[in-house]
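K.L.:
Counting in this note's numbering, the sequence shown runs from 3 upward without gaps. Note that CB positions come from ideal geometry on N, CA and C, so glycine has one too. Here you go, one structure.
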Amino acid sequence: MTAQDTLRPVFTETFPSTMDTGILYVSIPYRTCGHLCCCGCGHEVITPISTAQWSIAYDGENASLTPSIGNWALPCRSHYWIRHGHVQWSRHYSAAEIAQNRERDRHLLAQNTEEHRPRPLARLRRHLQSWRR
Ligand SMILES: [Zn+2]
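Below is the structure:
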């Protein structure tokens, strides 16, 4: 079990069946990043890229992920930031803070889904209106 201090981005379409340590796999087609937990526990951490989830910044050499990676569901419960390819460890959250974070994430995700839902319906309505005339 060796903790990682750095993550090197590798752009790929799909992730390998076995991820390598120290690599941040970035799939643009699937809007997803993946890496092995930086604490060294060997668990895969999948971070979907979307307005309600994570965003990635690539400076041509290194990558940053925002917000932080909180592996609450893993036994290690590690929490860190990936900034310019460097792993910056953050403090462990309490059970209450984890619950609060999860609630906020759920809320954001629901909001995001709501925003995207009316579009096809609006299109459909317009279509029906023109058909009636
Ligand atoms: Zn871990």
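When you compare each of ALA75, PRO18 and GLU63 to ARG85 by their alpha carbons, which one comes out closest?
P.N.:
GLU63
K.L.:
Answer with buried or exposed for SER19, where buried requires no fewer than 16 other C-beta atoms within 10 angstroms of its C-beta.
P.N.:
Under this definition SER19 is an exposed residue.
K.L.:
Give the straight-line distance between the Cα atoms of THR53 and ARG108, rounded to the nearest whole angstrom.
P.N.:
13 Å
K.L.:
Does the distance from the C-beta atom of ILE51 to that of ARG79 stay below 8 Å?
P.N.:
no
K.L.:
What do you get for GLY44, buried or exposed, if any count of 16 or more other CB atoms within 10 angstroms of its CB means buried?
P.N.:
exposed
K.L.:
Which two residues bound the contiguous beta strand (DSSP E) that contains CYS35?
P.N.:
34-38
K.L.:
Return the CA-CA distance between THR68 and THR4, expressed in angstroms with no decimal places.
P.N.:
24 Å
K.L.:
Do the CB positions of GLN6 and GLY42 come within less than 8 Å of each other?
P.N.:
yes
K.L.:
Please indicate yes or no: does the CB of ASN103 lie closer than 7 Å to some heavy atom of ligand 1?
P.N.:
no
K.L.:
Report all residues from its chain with a CB closer than 6 Å to the CB of SER57; omit the five preceding and five following residues, and keep chain order.
P.N.:
THR68
K.L.:
Figure out for me which residue from ASP61, HIS88, ALA97 and TYR60 has the closest Cα to the Cα of ASN73.
P.N.:
ALA97
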